[in-house]
Amino acid sequence: MSTLLERGVDKLKTQIDARVEAYFSSCTHCGVCAEACLFYTETGDPRYTPIYKAEPLRKVWQQEFTLLGKLSNSLGLNSITENDLSDWEELVYDGCSMCGRCSMVCPVGIDIAYLIRKVKEGMAAAGFVPDDLQSAGQRALEFGSPMGLTAKSLRTTIAVLEQENAIKIPLDVEGADYLCMLSSNEVVLYSEFITAISKIFSAAGVSWTLSSKYFEATNTGVQIGDSQIAAQLLERLVEVASELKIKTVISPECGHAYTTFRWDAPNILGRALPFNVVHIMELLDQLRSEGRLKTTGSFDERLSYHDPCNISRRGGVVQQPRHLLNQVAPNFVEMQDSMEMNWCCGGGGGVSANERAEPLRLQVFNVKKRQLDELNVTTLVTSCSNCRIMLEDGLEDNDMDVSVIGITELIADHLA
Amino acid sequence: MFEQFVNGIFWNFALIVFFAGISWRIIAVLRRGKPKDLSVPRNSGISGAIMANIRGFYPRKEIAPRIRMQVIAGYMFHLCLFVLLFFAAPHVTFIAEYITGFSWMPIPYWAFVVASEITFAGLVLLWIHRVLNPVTRLISRRGDHIASILVFIVMLTGCMALAQTSTELRVFHRFTVELLMIYFPFSALMHAIMFVPSRAYTGAWFGRRGVKV
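Chains as they are written, first to last, in the numbering used here: chain A, 1 to 416; chain B, 1001 to 1213.
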């Protein structure tokens, strides 16, 4: 067994817990999961069947933890090989956005996204990770941001926004109630998000701050499937939040950042977080229900909402964005498959950061195109900046005249 | 001689393997353990686990049209197999004699015939789908086909035994059942039991997050 394979197999062995054992023991290979996966429905390639993507983990489970598998393995039959891992790299990193739609439809209840996340741990340990993601991980560790942004980049953006919008953006304020994290996208591409929260929080009287020491919400370790990198990045968040004596950390309009902060961080770090975590949608909806977020006028164009998978299906924030939209958008219409059963934008789970996957990602965008064609909307709203980039990219690729905006920005535009 | 073997030592062996094997598989899940989820729950994991176990019995409307064949054939097979297993007259007699000590009202002969035909049709449809559909053809393992064939043989010998009322056929049916019992714990047939913890784990995970399953 080569060193790479040994590392991968050892890591995969550590991933097998009671859930994995129950899942593989109950799978009947019925193939229903394929019908929920946009990578299968839009390509027709059976290799993109979700449970098939978990095959390296299943092989290790079988050869190490089942009687017949141990017997076969001792005879050199059906053992996992290095080729298995290298062949699966494309399936796991290019052909899966970790959206978890498959997990909602499995007749025996297998959370397939959970299995694929564990496969990624083995792939990362064996070194089978796309180059782009590996580089992003290195930049995240070195600079704190997968795009290589630094505190200087953030300060420059803040200075420009303050000047352009005549607002004050709090930075490194000790004792603030809330610390808002940002994805690099929101510093570089969608800085209107920063302007929007500044206006909203100012109007609602929210005590908040940004941090120059560590502001990045994106966790490339989670996207790669490397818990060690993920933990190192999360420790920086904990350190900064503790130094600033923060009570609550706000996850920005970023899907995987929310599930990472809110749900995965305590488990990756092995301890409870010393602060609460809310998604910006949760906080805005709370301010609305408390009467602190008042809006005026309406956005009258016909629009729909794209549920980011990690915020709705994997995060549980489903109704809050709808409450906010209903306050300002009278012509809001739901997509046919929405909320917990939304279709992914195609770029989650690190796919967006993997240039090699771009042609496939644009191909699977067809499902979103069909959804939008049925609705005939002129505007698409979302609450994840990564989804927003993927949607804009897909719309442009399909010559579709639909504009994409973030909810926070929409609400800020209608502040009373 | 063969009848004595089937009714005696092989029956006892099959029973031991069946129950010990299932227990061993369940213990394997429990022994593996699961790290405690340290995140602050939004809702109850227990209610999520219960809901997921109920919800899993019917398909989601969002994908139902794409899996119509599997759903219909799946229900045909599983429901009618359940009826045959627990309500076919010879089975009721057998269970009362060897297991429970009491019996219940069996289904009439015509219902047995109808249920058998539906079960056969469901099983054959599912197996044809497994072989012809590119997805199931790719992901199916040898064990899936062995399980389908074994169940088919058990049902076939069962029908033959009932129709012919011959001791040899009845003994042969019992022999195939015993083979199935021995194979059960080591195969994908374990889904008949493992679907409960599988749905529960996933349901609890979603439940904690406040996601409707």
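Every residue, glycine too, gets a C-beta built ideally from N, C-alpha and C.
- Its Cα nearest to that of Tyr93 of chain A, the residue A:Ala357 stands out among A:Ala357, A:Tyr52, A:Ser207 and A:Leu273.
- When the Cα atoms are used, Ile1063 of chain B and Thr150 of chain A turn out to be separated by approximately 45 Å.
- Per DSSP, the continuous alpha helix (DSSP H) segment holding Val238 of chain A begins and ends at Ser227 to Glu243.
- Judged by their CB atoms, Gly1101 of chain B and Gly1207 of chain B are not nearer to each other than the 8 Å cut-off.
- Under a criterion of Cβ atoms nearer than 8 Å, the residues of chain B adjacent to Glu21 of chain A are, in order, Ala1028, Val1029 and Arg1032.
- Around Glu174 of chain A, the same chain offers Leu244 and Lys245 as residues with beta carbons nearer than 7 Å, after the five sequence neighbours per side are excluded.
- For the stretch 1089-1129 of chain B, the continuous alpha helix (DSSP H) assignments of 4+ residues that do not extend past its boundaries occur at 1089-1095, in sequence order.
- Residue burial annotation: Val160 of chain A is exposed, with fewer than 16 other C-beta atoms found within 10 angstroms of its C-beta.
- Between the C-alpha atoms of Trp1104 of chain B and Val1092 of chain B there is a straight-line separation of about 7 Å.
- Per DSSP, the unbroken beta strand (DSSP E) holding Leu303 of chain A starts and ends at Leu303 to His306.
- DSSP places His1078 of chain B inside the alpha helix (DSSP H), whose first and last residues are Arg1068 to Phe1087.
- Taking C-beta separations shorter than 8 Å and ignoring five residues to either side along the sequence, the partners of Ala1161 of chain B in its chain run Pro1090, Leu1169, Arg1170, Phe1172 and His1173, following chain order.
- For the 8 Å CB-CB criterion, Phe365 of chain A and Gly346 of chain A form a contact.
- In this chain, the alpha helix (DSSP H) harbouring Leu1180 of chain B covers Thr1167 to Tyr1183.
- In the three-state reduction of the DSSP assignment, Glu216 of chain A falls in the strand class, which pools E and B.
- For Ile1153 of chain B and Val1006 of chain B, the gap between their C-alpha atoms comes out near 16 Å.
- For a Cβ distance threshold of 9 Å, residue set Val1135, Leu1138 and Ile1139 of chain B lies close to Tyr52 of chain A, ordered along the chain.
- By the rule that beta-carbons nearer than 8 Å mark a contact, Asp337 of chain A touches chain B.
- In the DSSP assignment, Tyr93 of chain A falls outside any beta strand (DSSP E), carrying neither H nor E.
- C-alpha of Arg322 of chain A to C-alpha of Pro359 of chain A: approximately 32 Å in a straight line.
- Rounded to whole angstroms, Ala1020 of chain B and Phe1013 of chain B show a C-alpha spacing of 10 Å.
- Under the criterion of beta carbons closer than 8 Å, Ser202 of chain A and Cys254 of chain A do not qualify as touching, at roughly 22 Å.
- Counting every other CB atom within 10 Å of its CB across the protein chains shown gives Asp393 of chain A a total of 16 or more, marking it as buried.
- Interface with chain B (8 Å Cβ-Cβ cutoff): Glu82 of chain A is excluded.
- In this structure Met1 of chain A is exposed. Its beta-carbon is surrounded by fewer than 16 other beta-carbon atoms within 10 angstroms.
- Closest option to Ser25 of chain A, judged by alpha-carbon separation, among A:Tyr40, A:Val108 and A:Thr43: A:Val108.
- Identification of residues in the stretch 244-263 of chain A having a C-beta nearer than 9 Å to some C-beta of chain B yields Thr259, Arg262 and Trp263, given in sequence order.
- Contact annotation: the stretch 206-215 of chain A touches the stretch 235-244 of chain A, with at least three C-beta pairs closer than 8 Å.
- Restricting attention to beta strand (DSSP E) runs no shorter than 3 residues, the stretch 131-188 of chain A encloses them at 178-180, ordered along the chain.
- Counting along the chain, no alpha helix (DSSP H) covers Ile405 of chain A; the unbroken beta strand (DSSP E) around it starts and ends at Ser403 to Gly406.
- No Cβ of chain A is located within less than 8 Å of the beta carbon of Leu1081 of chain B.
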